[in-house]
Amino acid sequence: MSYIMESIKKAAEYVQGRLEGREPHVGIVLGSGLGKLADEIKDPLVIPYRDIPGFPVSTAIGHKGNFIVGTLGGKTVIAMQGRIHYYEGYEMNQVVLPIRVMICIGIKTLFVSNAAGGTNLDFKVGDLMIIKDHINLLPNPLIGPNLDELGPRFPDMTRPYAVALIKKAEAIAAEEGIALRKGVYVAVTGPSYETPAEYRYFRNIGADAVGMSTVPEVIVARHAGVPCFGMSVITDVAHATDEDDYVTDGEHIVKMANAAADRMSLIFARLIEEL
Ligand code: HPA
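Each position in the sequence shown, counted from 1, maps to that position plus 6 in the numbering used here.
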């Protein structure tokens, strides 16, 4: 067995041992400032990343480092309160290790969330966007010997985000009176935010939002055949001209994400209820 598969199994065995017999069917990744969705999880069991053998620790602002196992929307879920980013200096294998651990303990669906910059000029700060597709400008996490136990060498990526879940989310949002955008998310390394020319470039290649996460997680989930649903909170927006007196600031982004967390939590919880 490859050392990567061994590290996944070792971490998964440890987490399994701490589940007290619970069987999470849904995995959730909570992005910047969205960690408070974890407060909605009933009967929570907390497993700090630092306890898990070989686990990376999240160092990003607005990110704690725990798995939270409990009930949301009437289902047993495992949530990542804090994710690992490539810009933190971890190898891609480590960035996606927590996702593969959740897959090994049996999740059937993956929900991902993030804070993102709006490249679509119609987008406003605080908007929620369903991710309908992505563009990956990060190294592909499947590079290297294929983990045959998890999935095929050349996995299909024609439906990275489950169409049925997107439809359900739109129906739920309409019922709840929550406005939703739908668009393409482009993943970049960061950690510097985009220049005006880069925002323009991403808009021109077909992206509606830009961020530094999520896509590697979705790629390994799809590799393993796990359906995904993703949402971005638009925390800052590209400006049409370079002359505006404007900066992109991490603390502001976490605040804006926090402000949208309730709306996103509601959609996630109701979608999970309907799974
Ligand atoms: N760019 C990249 N990542 C981000 C942004 C952004 O504007 N906002 C939140 N995450």
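Virtual Cβ for every residue (Gly too), placed ideally from N, Cα, C.
Keep in mind that this is a model prediction, so the values were computed, not measured.
Between which residues of its own chain and residue i is the CB-CB distance below 8 Å, once the five residues before and five after are set aside?
i	result
Asp49	Gly76 and Thr77
Glu26	Leu51
His258	Thr241 and Asp242
Arg209	Thr125, Asn126, Leu127 and Ala244
By DSSP, does residue i sit in helix, in strand, or in coil?
i	result
Ser271	helix
Ile211	coil
Ala193	strand
Ile278	helix
Gly30	Correcting the residue identity first, residue 30 is Pro in this sequence and not Gly. Correct three-state label for Pro30: coil.
Ile228	Reading off the sequence, residue 228 comes out as Arg, not Ile. Helix.
Lys42	helix
Val239	strand
Lys70	coil
Val63	coil
Gly80	coil
Asp57	helix
Leu36	strand
Met7	coil
Met218	coil
Arg206	helix
Leu25	coil
Val253	coil
Met86	strand
Leu171	helix
With distances taken from CA atoms, which of the options is nearest residue i?
i	options	result
His31	Gly60, Val52 and Lys81	Lys81
Ala18	Tyr199, Asn152, Leu103 and Arg89	Leu103
Gly256	Met11, Ser38, Ile34 and Val224	Ser38
Ile149	His229, Met108, Ala44 and His140	His229
Pro158	Asp139, Thr65 and Gly231	Gly231
Ala175	Phe117, Ala44 and Phe160	Phe117
Ser13	Phe61, Glu46, Tyr55 and Pro147	Phe61
Met237	Lys173, Met135, Ile74 and Val21	Met135
Ile225	Ala215, Leu143 and Ser198	Leu143
Ile211	Tyr191, Lys15 and Glu223	Tyr191
His140	Ala85, Arg106 and Ser219	Ser219
Lys130	Gln87, Tyr20, Arg187 and Lys173	Arg187
Met7	Ile34, Phe73, Asn120 and Leu156	Leu156
Met86	Gly79, Tyr92, Tyr93 and Ile105	Ile105
Ile184	Lys138, Asp133, Pro233 and Val169	Asp133
Pro59	Phe73, Gly79 and Tyr20	Tyr20
Ser119	Ala44, Asp45, Val35 and Ala180	Val35
Lys15	Asp45, Val239, Gly112 and Glu182	Gly112
Ala213	Arg24, Gln22, Tyr199 and Gly189	Gly189
Lys138	Lys261, Arg24 and Lys173	Lys173
Quick one: what's got a C-beta closer than 6 Å to residue i's C-beta in the same chain, skipping five residues either side?
i	result
Lys114	His31
Tyr205	Thr125 and Ala244
Gly88	Ser64, His69, Lys70 and Gly71
To which residues of the same chain is residue i closer than 7 Å at the C-beta, ignoring the five residues directly before and after it?
i	result
Ile178	Ile273, Arg276 and Leu277
Lys42	Asn264 and Ala267
Pro145	Met98
Tyr96	Pro62 and Ile90
Met11	Leu153 and Glu155
Met108	Gly33 and Ile84
Is there at least one Cβ from chain C nearer than 8 Å to residue i's Cβ?
i	result
Glu257	In summary, chain C is missing from the structure at hand, where a single protein chain is found.
At least three beta-carbon pairs within less than 8 Å, the segment 262–275 to the segment 154–172 = no
At which residue ranges does the segment 96–158 contain complete alpha helix (DSSP H) runs of 4 or more residues, listed in the order of the chain?
-> 98–101 and 103–110
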